[in-house]
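Peer 1: Take the sequence shown: its position 78, counting from 1, is numbered 1543 in my numbering, and each next residue is one higher.
This is the structure I want to talk about, given as structure tokens.
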Amino acid sequence: MQGIDLQFLFMTSDGRINRQRWWIGVGILFGVSLIATALFGNQGLIPFAIGILLLIAGIMLHIKRCHDRDKSGWWCLLLAIPFVNVIWAIIDLGILEGTRGENRFGPDPLASA
1466 MQGIDLQFLF MTSDGRINRQ RWWIGVGILF GVSLIATALF GNQGLIPFAI GILLLIAGIM
1526 LHIKRCHDRD KSGWWCLLLA IPFVNVIWAI IDLGILEGTR GENRFGPDPL ASA
């Protein structure tokens, strides 16, 4: 596995990422969330600000994975539906293979790997 560009992964909605990078990104966000909760609790301004930043980073991550599946980032609105959100994310983003070759969102992320 090549080095992971965290800025690309969490701060932009452009491009595509493969399943492996998506799972790594989800793991990073989960780990940061656990550490932030242990350090700051879950009440107050600092946990709120960290939560907003993690939410934005997660949305950027999911949008890029949708792009790899040749879907619009608007599909991420499914994350707002309880129960559906986890099932959809695991199956569609975490298990199903992305589009092979170039699609309308960019080159195949596996082609450069």
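All C-beta atoms, glycine included, are put in the ideal place defined by N, C-alpha and C.
1. Taking only three categories from DSSP, how would you classify Gly1571?
2. Are there 16 or more other CB atoms within 10 angstroms of the CB of Phe1570, so buried, or fewer, so exposed?
3. Give the secondary structure of Ser1498 by DSSP, where H, G and I count as helix, E and B as strand, and everything else as coil.
4. Return yes when the Cβ of Asn1550 is within less than 8 Å of the Cβ of Leu1558, no when it is not.
5. Shortest alpha-carbon distance to His1532 belongs to which of Leu1520, Phe1495 and Ser1478?
6. So, at 8 Å on beta carbons, what are the nonlocal neighbours of Trp1488 in its own chain, with the 5 sequence-adjacent residues on each side left out?
7. Of the residues Cys1541, Gly1538 and Leu1526, which one's Cα is nearest the Cα of Gln1485?
8. What does a CB cutoff of less than 6 Å around Asp1535 pick up in its chain, not counting 5 residues either side in sequence?
9. Could you please give the first and the last residue of the uninterrupted alpha helix (DSSP H) stretch that includes Pro1547?
10. Apart from the five residues just before and just after Pro1512, which ones in its own chain have a Cβ nearer than 8 Å to its Cβ?
11. Report the rounded CA-to-CA distance for Ala1545 versus Ile1552, giving the unit in angstroms.
12. Is it buried or exposed, Phe1548, if we count other Cβ atoms within 10 angstroms and call 16 or more buried?
Peer 2: If we stick to the structure as given:
1. strand
2. buried
3. helix
4. No, Cβ-Cβ distance for Leu1558 and Asn1550 is not below 8 Å.
5. His1532 has its Cα closest to that of Ser1478, out of Leu1520, Phe1495 and Ser1478.
6. Gly1559
7. If we check each option's Cα against that of Gln1485, Leu1526 comes out closest.
8. Within the same chain, Cβ atoms closer than 6 Å to the Cβ of Asp1535 are found at Thr1564 and Asn1568, the five residues on either side in sequence being excluded.
9. No alpha helix (DSSP H) holds Pro1547; DSSP gives it neither H nor E.
10. Ala1501, Thr1502, Phe1505 and Gly1506
11. 12 Å
12. exposed
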